[in-house]
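Notes to accompany the following structure.
Number of protein chains: 2
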Amino acid sequence: MLRIDFANCLIPRVGVHGLDPARLATGSEDARAIAHLTQRLDQSRGTGWERWRLLPHELREEHVSACRALAEERRGRFENVLVLGIGGSALGNIALHAALNPPTWNLGEATERRSNGATKGNCRTGVPPVRPDGLPRLFVVDNVDPANFGAVLGACERLGGLEKTLVNVVSKSGETAETAAQFMILRDLLKQRLGERHAENVVAITDPAKGTMRSICDKEGYATLPVPNGVGGRFSVLSPVGLFSSAMVGIDIEALLDGAAAMDERCRKPELLENPAALLATLLVELAARKGKNNHVLMPYSNALYLLADWFRQLWAESLGKRFNTAGAEVFAGYTPIKALGTTDQHSQVQLYREGPNDKVIGFLEAEDFEGADVAIPSGLGVEALEYLEGKSMAALLSAEKRATEYALVESERPNFTIRFPRIDAHHVGEFIWLWQMATAYAGLMLGIDAYDQPAVELGKQATFGLMGRDGYNKHLEKVNATLVGTEWVV
Amino acid sequence: MLRIDFANCLIPRVGVHGLDPARLATGSEDARAIAHLTQRLDQSRGTGWERWRLLPHELREEHVSACRALAEERRGRFENVLVLGIGGSALGNIALHAALNPPTWNLGEATERRSNGATKGNCRTGVPPVRPDGLPRLFVVDNVDPANFGAVLGACERLGGLEKTLVNVVSKSGETAETAAQFMILRDLLKQRLGERHAENVVAITDPAKGTMRSICDKEGYATLPVPNGVGGRFSVLSPVGLFSSAMVGIDIEALLDGAAAMDERCRKPELLENPAALLATLLVELAARKGKNNHVLMPYSNALYLLADWFRQLWAESLGKRFNTAGAEVFAGYTPIKALGTTDQHSQVQLYREGPNDKVIGFLEAEDFEGADVAIPSGLGVEALEYLEGKSMAALLSAEKRATEYALVESERPNFTIRFPRIDAHHVGEFIWLWQMATAYAGLMLGIDAYDQPAVELGKQATFGLMGRDGYNKHLEKVNATLVGTEWVV
C-alpha cells in the first residue's frame with residue numbers, strides 16, 4: 001500500500017521551517033481535532049456533495065458493470081476513442097491513461113497482447129511497448145484551440161477515419177461552452193458521414209435525468225452513462241466519468257476501485273498517525289498556516305505519474321481556493337498547487353526550491369519497483385568520469401537522484417514528504433486518488449470553507465456568454481468592454 | 492511583432508494590487524533606472540555569461556550554416572530523431588517543436604508535403620495534419636524513468652528501427668548523470684547493431700574544445716556542433732542546442748533568429764515604455780516587491796505555446812532564485828514560475844486565482860490569428876441553450892474565454908498582462924524567447940543577483956555521485972544516509 005514518509009516536514013529535519021512532532025502525537029490537540037473531523041466526515045458521508053465517497057462502495061457495482069458492458073460492446077469496433085470534456089471531465093481520464101499505459105500508446109498499430117502482459121516495454125529485453133490488439137488509441141481533447149483540435153481530428157481521419165472513432169463526450173449539463181462546441185462539430189461531421197448510424201459512434205457521460213446533454217441523448221439515441229448525483233467534477237474520476245474511457249483502453253477499473261476502497265478504510269481511522277489523508281491535510285494546512293508554506297509542489301519521480309499532478313492541481317486549487325469561509329468571513333483561503341517532474345525539474349526548479357523564498361512544501365512521488373521495465377547501464381565506454389554508472393540500473397539512478405534532492409532540500413530547511421508507490425498499477429493509483437480526495441475533505445473542514453463549490457468561475461462564464469452573443473447576456477458584454485477598454489498601456 | 496498589454500497590472504484596473512502608472516512614465520524614477528540598466532547591459536553584452544546575446548547576431552551565421560549542413564546531410568536517412576538532454580538541453584527543443592509543429596507529428600507515416608504548406612491541418616477543410624515527407628519523428632527524452640525510456644526506445648524499434656534513429660545527445664560536459672546514462676545505453680545498443688558504422692547515428696552538441704563528451708566524440712568520430720562558450724544551458728535554445736533538432740524537423744531556424752534579432756533591437760532601447768523586456772521585468776519585480784505577487788503564472792491560450800511555459804519556468808526560476816545577492820547579503824530572491832493553459836485551467840485554477848491569496852501575476856499568451864486552422868461551429872443541433880455558438884468559430888470562442896477570464900481577474904483585483912502573438916510562427920516564437928531572456932537579464936540586475944549561476948544544484952549532484960558509488964564521494968553518501976536515516980514518521 002501507499003506510504004507517506006513525512007519526517008522531512010518536522011523540526012528535527014528542517015528546523016524552524018518544520019512542524020513540532022509533538023503536535024502530531026497521540027493525545028495532542030491536533031490529534032484530538034482530527035478524531036473530531038473524522039467523526040464529522042463519517043456523518044456527512046454519502047450526503048450532499050459527499051456522495052463521491054460512495055463510489056468505491058455502494059455505487060461501485062452499478063458503475064463497473066455499466067462501464068464494462070458498454071466498453072465491451074463498443075471495443076473492437078473502434079480504432080480511436082476521442083474524449084471531449086474539460087476540467088474534472090478530462091483531467092482524471094488523462095491522468096489514468098498516462099499513469100497506467102505507455103506514453104507511446106497511440107504510436108503505430110495495435111499488436112497482439114504479449115503473454116507476459118508487459119505492455120510497458122523494455123529496451124534491453126526487446127519487448128516493445130505495444131497497444132494490445134483490439135484496444136483503441138485514446139485522445140482527450142479538453143481545449144478549444146482550433147489548431148490542436150484540427151490536428152487531433154486529422155489524426156483520427158488518417159488512422160481509421162472518423163467512422164472508426166468513438167466520441168466520448170463528458171458533460172453533466174451539456175452547457176459547458178468548450179465541450180458543447182467540440183461536440184457540435186463532431187456530431188455534425190459524424191452525421192454527414194454516417195447519417196442516423198452516427199449514434200453508434202457516441203457515448204455520453206451526463207446527468208442521468210435532466211439537462212441539455214440528457215435531452216440531446218434521448219432525442220438522438222446516444223448511449224449514456226451517469227455522472228452520479230452529488231458527485232462534483234473534480235471528485236468524479238472514479239465514477240463513469242473516468243472509468244469508461246479507462247475500460248476502453250484496458251485499464252483494470254476494478255483494481256482502481258479496490259485501491260480506493262482500501263485507502264478509504266485507512267482514511268476513516270480516528271487516529272491522526274494511522275490516517276494518511278488526515279495526516280497529509282494536517283501537514284499541508286499547518287505548514288501553510290504556521291510556516292507560510294502556501295505553495296504545494298507535487299513532484300513525481302516518474303513520467304507516468306506526472307499528469308496525476310494536473311488532476312491534483314484542480315482538486316486542491318478549486319476545492320480550497322475560497323474568498324469566504326462558511327461563516328461568511330473573508331479569508332482568501334487556498335494554496336497554489338504546482339506540478340513538477342523529477343529528475344527533470346532538478347535541472348529547472350530545484351535551484352529556486354533550495355535558495356528562493358522558503359514558501360513551499362515539496363511532495364515527492366516515488367515508485368519502489370519498475371518491474372520488468374528497468375534497464376542496466378552498460379560498461380565499455382572507457383571513460384573514467386562515468387565508470388561509476390556502469391552496471392547500475394536506470395531505476396537506481398532515478399532513486400539516487402530523488403534521495404539526493406530530498407537531502408539537498410533538507411540541508412536548506414525546505415519541508416518535503418514522499419508518497420511511495422510499491423508499484424505503479426491501478427490499485428495504487430486508486431489509493432492515490434482516494435488519498436487526495438479525502439485529504440481535500442479534511443483540509444476543507446480545517447479551513448472552514450466549502451470544498452465543493454466554485455463560485456468564482458461563474459463570472460467568467462457569464463462574460464463568455466456575453467462576448468459570444470448569447471441572448472440575455474448583453475449587460476455582461478457591456479461590462480466586459482467597459483472594464484477592458486483599450487488603453488495606451490501597450491508596449 | 493509581439494505586443495504586451497499591461498493595463499491590467501495598474502491601479503486604475505486592479506486598485507491597490509496594481510502599480511502606479513506614474514512610476515512607469517517618461518522621466519519617472521523607474522524609467523531613469525531602466526535607462527541606466529540598459530546602458531549596463533550594453534556594456535556587458537557579449538562578455539562572460541552574456542555571450543548568449545550574440546546568438547542572433549555575431550554567432551548566427553556560423554551556427555545556422557553548421558546546423559543546416561548537418562541536418563541536410565542526415566535528413567532523409569533517419570526516421571526518428573532522439574534527443575538526449577535535460578534542463579536547458581531539452582526544454583527549448585521540446586518547446587520549439589511543440590510550438591511550431593502539430594501535436595500529432597509522430598503519429599502515422601510521413602506523407603508528401605502539401606502544396607499550401609499547411610502542416611497544422613484543419614478538420615473542416617479536410618487537410619489532415621501531416622509530417623512532411625523526409626522529415627523524421629522527434630522524441631526528446633529528458634528523464635531517467637526506465638518505463639518511459641523503454642517505451643520510447645521500443646517505439647523507435649518498431650518505427651524504422653534503431654538503425655533509422657539519429658541520437659542527438661546534448662551535453663556541454665558529458666557528465667550530467669541522466670544524459671550520460673541514456674547515452675551509454677543508446678551507444679551500446681547502436682554499437683551492437685551497427686558496429687563502427689554506428690557513428691553515423693550520433694550527433695553530439697557539446698563543448699567545442701574540452702570535456703568528457705568532447706573526448707568521446709573525438710575518439711568515436713561523432714559529428715558535433717558547439718555549445719558555444721559563455722552560453723549557459725537556460726540561455727542556449729537559439730544556439731545549436733535548440734537549432735539542430737529544430738532544423739531536423741523542418742522548423743525555419745533563420746526565422747527564429749530573425750525574430751530574436753528584431754526583439755533584441757526593441758530591448759536595447761533606453762526608454763522603459765519602448766522596451767518590452769525592461770517593461771516586463773519592471774512589472775514582475777515591482778509587483779512582487781511592492782505588492783507581494785511572488786508567483787508568476789504563464790497561461791497561453793494555445794496548446795502549441797503551452798510547453799514554452801516549461802522553458803520559461805527554468806529560465807525564471809533558476810536565474811532569479813538565489814540565496815545571496817552579488818554583495819553577499821542573504822536575500823532568498825526569486826519568484827515561482829507556474830505553467831497554466833487556457834481555457835483548460837479556467838476549469839481548474841481560476842477559482843484559486845480569483846479567490847485565493849492575491850499573490851500572483853498572470854501572464855496570458857494569445858494568438859491573434861490561427862490562420863487556416865480555425866473551424867466554424869455548425870448549426871443544426873436544435874438546442875436553444877447552445878444556439879449562441881452556432882456559426883461562430885472555435886478561435887472566437889477561445890478568444891472570448893480569454894477576454895472573459897481577464898475581465899474576471901480584474902474584477903477580483905488580480906494583476907495580469909497579455910503577450911499577443913500576431914501568429915504562432917518561428918519569427919514570433921523567436922521574439923518571445925528573446926523577450927524573456929532579456930527580461931531575465933534586467934530582473935537579475937534589479938534584484939542584484941547573479942542570473943547566470945546555479946550554486947544550489949551542486950549539492951544534489953555530489954549526493955547523487957555518493958549514492959551511486961562514485962569514487963571520492965563516500966563522505967557525501969555518509970552525510971546523506973545520516974541526514975535521512977529511517978524514522979517512525981511514516982503513515
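As given, the protein sequences belong to chains F and X, one line each in that order.
The first sequence lines up with residues 1 to 491 when you count with my numbering.
The second sequence lines up with residues 492 to 982 when you count with my numbering.
Glycine is no exception: its CB is placed at the ideal position from the N, C-alpha and C atoms.
Every value quoted in this text rests on a predicted model; they were computed, and no experiment measured them.
{"query": "With a cut-off of 8 Å on the beta carbons, I'd call F/S350 and X/G825 a contact; round off their distance for me.", "result": "Strictly speaking, residue 350 of chain F in this sequence is Val, with Ser absent from that position. That pair is no contact at about 12 Å."}
{"query": "Identify the contact partners of F/E175 in chain C, using a Cβ-Cβ distance below 8 Å as the criterion.", "result": "Among the protein chains of the structure shown, namely F and X, there is no chain C."}
{"query": "When burial is assigned at 16 or more other CB atoms within 10 Å of the CB, is F/K172 buried or exposed?", "result": "buried"}
{"query": "Name the residue from F/K360, F/R414, F/N325 whose alpha carbon lies nearest to the alpha carbon of F/I515.", "result": "The requested residue 515 of chain F is not part of the displayed model; chain F covers only 1 to 491."}
{"query": "Ends of the beta strand (DSSP E) at X/I910?", "result": "907 to 912"}
{"query": "Take F/E478 and list the residues in its own chain whose beta-carbon comes closer than 6 Å to its own, dropping the five residues that flank it on each side.", "result": "none"}
{"query": "Which residue or residues does DSSP assign as beta-bridge partners of X/A714?", "result": "X/V694"}
{"query": "Does the beta-carbon of F/R13 have 16 or more other beta-carbons within 10 angstroms, so that it is buried, or is it exposed?", "result": "buried"}
{"query": "Of all Cβ atoms in chain X, is any one closer than 8 Å to the Cβ of F/I94?", "result": "no"}
{"query": "Can the beta-carbon of X/T595 be found less than 8 Å from the beta-carbon of F/V152?", "result": "yes"}
{"query": "Can you list the residues of chain X that F/N106 reaches, using a CB-CB cut of under 8 Å?", "result": "L598"}
{"query": "According to the Cβ coordinates, are X/A586 and X/D801 closer than 8 Å?", "result": "yes"}
{"query": "Buried or exposed for X/M704, please, with buried defined as at least 16 other CB atoms from any protein chain shown within 10 angstroms of its CB.", "result": "buried"}
{"query": "On the CB-based measure, 16 or more other CB atoms within 10 Å of its CB, does X/Q530 come out buried or exposed?", "result": "exposed"}
{"query": "What are the start and end residues of the alpha helix (DSSP H) that includes X/P791?", "result": "Per DSSP, X/P791 belongs to no alpha helix (DSSP H); it is in the beta strand (DSSP E), 786 to 791."}
{"query": "What residues of chain F sit near X/G825, judged by a beta carbon separation below 8 Å?", "result": "L352, E355, G356, P357"}
{"query": "Count the CB pairs spanning the segment 558 to 574 of chain X and the segment 73 to 90 of chain F that are closer than 8 Å, and state whether there are at least three.", "result": "no"}
{"query": "Compare the C-beta of F/G303 against all C-beta atoms of chain X and say whether one is closer than 8 Å.", "result": "Residue 303 of chain F is actually Asn in this sequence, not Gly. So yes, F/N303 belongs to the interface."}
{"query": "In chain order, what are the residue ranges of uninterrupted alpha helix (DSSP H) at least 4 long that sit wholly in the segment 501 to 535 of chain X?", "result": "502 to 505, 520 to 535"}
{"query": "What span of residues does the alpha helix (DSSP H) with X/F674 cover, start to end?", "result": "668 to 685"}
{"query": "With 16 as the cutoff for other CB atoms within 10 Å, does X/A934 come out buried or exposed?", "result": "buried"}
{"query": "Report the residue from X/Y964, X/I853, X/N785, X/G819 whose alpha carbon sits nearest the alpha carbon of X/T896.", "result": "X/I853"}
{"query": "Taking X/R544 as the reference, give the member of X/G652, X/A973, X/G882, X/L748 with the closest Cα.", "result": "X/L748"}
{"query": "Return the chain-ordered ranges of every beta strand (DSSP E) run that is complete within the segment 58 to 101 of chain F and spans a minimum of 3 residues.", "result": "80 to 84"}
{"query": "The ligand HEM heavy atoms versus the CB of F/A304: any closer than 7 Å?", "result": "With respect to the ligand HEM, the structure offers nothing, as it holds no ligand at all."}
{"query": "Consider the Cβ of X/N613: report whether some Cβ of chain F lies at a distance smaller than 8 Å.", "result": "A caution first: X/N613 carries a pLDDT of 49, below 50, which makes its placement in the model unreliable, though a value can still be read off. By this cut-off, X/N613 is an interface position."}
{"query": "Looking at the C-beta of F/T282, does it have a partner C-beta in chain X at a distance below 8 Å?", "result": "no"}
{"query": "Measuring alpha carbon to alpha carbon, tell me which of F/R420, F/T344, F/G259, F/I216 ends up nearest F/G430.", "result": "F/G259"}
{"query": "With DSSP run on the structure shown, which of helix, strand or coil describes X/S606?", "result": "Confidence is the limiting factor: at X/S606 the pLDDT is only 34, short of 50, which leaves the residue's position unreliable, though a coordinate-based value still follows. Note: X/S606 maps to coil in three-state DSSP."}
{"query": "In angstroms with no decimal places, state the Cα-to-Cα distance between F/L307 and F/A181.", "result": "25 Å"}
{"query": "Does any residue of chain X have a CB that is nearer than 8 Å to the CB of F/I11?", "result": "no"}
{"query": "Using a threshold of 8 Å, state whether the C-beta atoms of X/I577 and F/I338 are closer than that.", "result": "no"}
{"query": "Given X/A831, which residues of its chain have a CB within under 6 Å of its CB, disregarding the five upstream and five downstream residues?", "result": "V788, M790, Q840"}
{"query": "Do the segment 676 to 687 of chain X and the segment 377 to 387 of chain F meet, that is, are 3 or more Cβ pairs less than 8 Å apart?", "result": "yes"}
{"query": "Hey, how far is the Cα of X/F908 from the Cα of X/D511?", "result": "15 Å"}
{"query": "Please work out which residues of its chain come closer than 6 Å, Cβ to Cβ, to X/T517, disregarding the five sequence neighbours upstream and downstream, and give them in chain order.", "result": "none"}
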